[in-house]
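Enquirer:
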Ligand SMILES: *Cc1c(COP(=O)(O)O)cnc(C)c1O
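Numbering (the working numbering), first residue to last: 13 to 408.
#1: Where does residue 224 land, buried or exposed, given buried means 16+ other C-beta within 10 angstroms?
#2: Is residue 294 helix, strand or coil by DSSP?
#3: Could you tell me if the beta carbon of residue 213 falls within a distance shorter than 7 Å of some heavy atom in ligand 1?
#4: Using a Cβ-Cβ cutoff of less than 7 Å, which residues in the same chain neighbour residue 291 once the five nearest sequence positions on both sides are dropped?
#5: Ignoring anything shorter than 4 residues, give me the alpha helix (DSSP H) runs that lie fully in the segment 107-153, in order along the chain.
#6: So is residue 155 buried or exposed if we call it buried at 16+ other beta carbons inside 10 Å?
#7: For the segment 220-244, which segments carrying the alpha helix (DSSP H) assignment without a break, of at least 4 residues, lie completely within its bounds, in sequence order?
#8: Relative to the C-alpha of residue 17, which candidate in 71, 235, 124 has its C-alpha closest?
#9: What separation, rounded to the nearest whole angstrom, lies between the Cα atoms of residue 405 and residue 42?
#10: Determine which residues share a DSSP beta bridge with residue 347 and list them.
#11: Compare the Cα-Cα distances from residue 172 to each of 328, 151, 158 and report the closest residue.
#12: Buried or exposed, going by whether 16 or more other CB atoms sit within 10 Å of the CB of residue 349?
#13: Which one or two residues does DSSP pair with residue 373 in a beta bridge?
#14: Considering only heavy atoms of ligand 1, does any lie closer than 7 Å to the CB of residue 110?
#15: Ignore the nearest five residues each way along the sequence and tell me which others in residue 222's own chain have a CB closer than 7 Å to its CB.
#16: I need the boundaries of the beta strand (DSSP E) containing residue 384, first residue and last residue.
#17: Residue 284 to residue 351, Cα distance in whole Å?
#18: Measure the beta-carbon distance from residue 393 to residue 313 and round it to whole angstroms, keeping in mind my assumption that it falls under 8 Å.
#19: Taking the alpha carbon of residue 89 as the point to measure from, which residue in 354, 293, 371 has its own alpha carbon closest?
#20: What separation, rounded to the nearest whole angstrom, lies between the Cα atoms of residue 227 and residue 170?
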């Protein structure tokens with residue numbers, strides 16, 4: 013029999029759609045896929061070469077659980093340079109992807125009776141990681157008019173005696189929005205007042221537009237730094253999703269607990285990927301600029317096209333690689349017997365009638381929207397947008 017824990021985890025609401033898109037593709041249908049959450053770029057050559065060298069040098073054995081010292085030092089250097097944050101080696105742990113970093117935090121911090129605040133819309137894994145660790149997710153709705161930023165007063169009104177932590181994500185998946193300094197200061201003040209931990213997922217840090225500079229909440233002052241776990245990783249900035257490398261910086265005692273937990277589950281991240289990560293963080297950084305300017309061009313195209321479709325409106329994202337258009341005005345309409353009354357209905361309609369795959373907003377906790385990834389070619393964007401336009405114009 014399955015454990016109670018396993019029974020509490022729902023299958024991902026995106027799975028059915030994804031399976032359907034894949035089945036259509038396999039049967040030869042030309043599906044334009046806006047569903048994927050990873051860069052369409054290849055990992056840069058200098059990083060690949062560092063990995064090949066690691067293999068040839070025989071660097072293929074167990075390493076220290078929390079990462080090799082050169083990688084911890086590279087991470088420390090990154091925090092100093094990019095975020096003006098100072099850490100020591102015992103305040104850093106390297107894990108098998110940022111998702112694993114977040115899971116280690118959940119294991120080390122959350123437990124029965126704890127409430128963990130998650131601003132909604134949220135990244136799909138946050139609630140389930142809370143539930144898997146016997147705690148309760150508490151959702152705080154954020155609004156388009158606030159650029160989907162959590163307002164400190166909304167945070168305050170959801171805090172109870174049981175509140176243990178809050179999970180922040182900027183730049184955000186799925187909204188593509190970034191937090192400004194003033195809002196972060198308000199959140200930090202509220203978190204400190206109630207002695208909450210802040211889990212700050214900054215995986216899209218390098219992907220920002222229009223001159224926006226990412227701010228880590230941990231960098232605001234030493235008090236909030238002492239209560240913040242900063243999570244970051246290599247997947248998005250260096251197109252390294254398959255390498256599985258992420259890291260956390262935070263208070264020593266929590267990092268030590270996470271390292272103990274990791275020592276009993278995965279042990280060290282792959283030795284080869286660690287060598288590649290040292291090169292990624294300390295080698296030449298021009299790849300990011302190249303990728304970013306391509307993403308920026310696609311972002312501008314996609315947002316302006318989406319806004320030209322009657323019934324759809326989309327605020328301009330300032331980070332990551334997602335558009336999160338408001339599609340709620342389409343609900344209640346229908347075409348050829350397809351009644352659209354939710355984001356899932358719309359996603360299914362677009363998949364079946366327009367052969368375009370995207371993710372319904374209810375997967376992220378907000379049914380009024382859908383998510384499109386623009387980490388795909390301009391050609392795909394043009395083709396996909398045209399199909400969406402045609403299918404939406406048939407809705408009455
Ligand atoms: C992609 C993603 C991650 C996880 O990335 P890893 O590949 O596990 O390093 C974490 N948070 C958000 C918001 C993401 O979109």
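Just so it is clear, CB atoms sit at the ideal spot from N, CA and C, and this is done for glycine as well.
Expert: So, to answer that:
#1: Counting of Cβ neighbours within 10 angstroms places residue 224 among the exposed residues, the total staying below 16.
#2: helix
#3: yes
#4: 58, 59, 62
#5: 110-121, 137-144
#6: exposed
#7: 234-237
#8: 124
#9: If you take the alpha carbons of residue 405 and residue 42, they lie about 21 Å apart.
#10: 350
#11: 151
#12: That one is exposed.
#13: The partner list for residue 373 (beta bridge, DSSP) is empty, contrary to what the question assumes.
#14: yes
#15: Within the same chain, residue 222 has close Cβ partners 330.
#16: 382-385
#17: 51 Å
#18: 6 Å
#19: 293
#20: 24 Å
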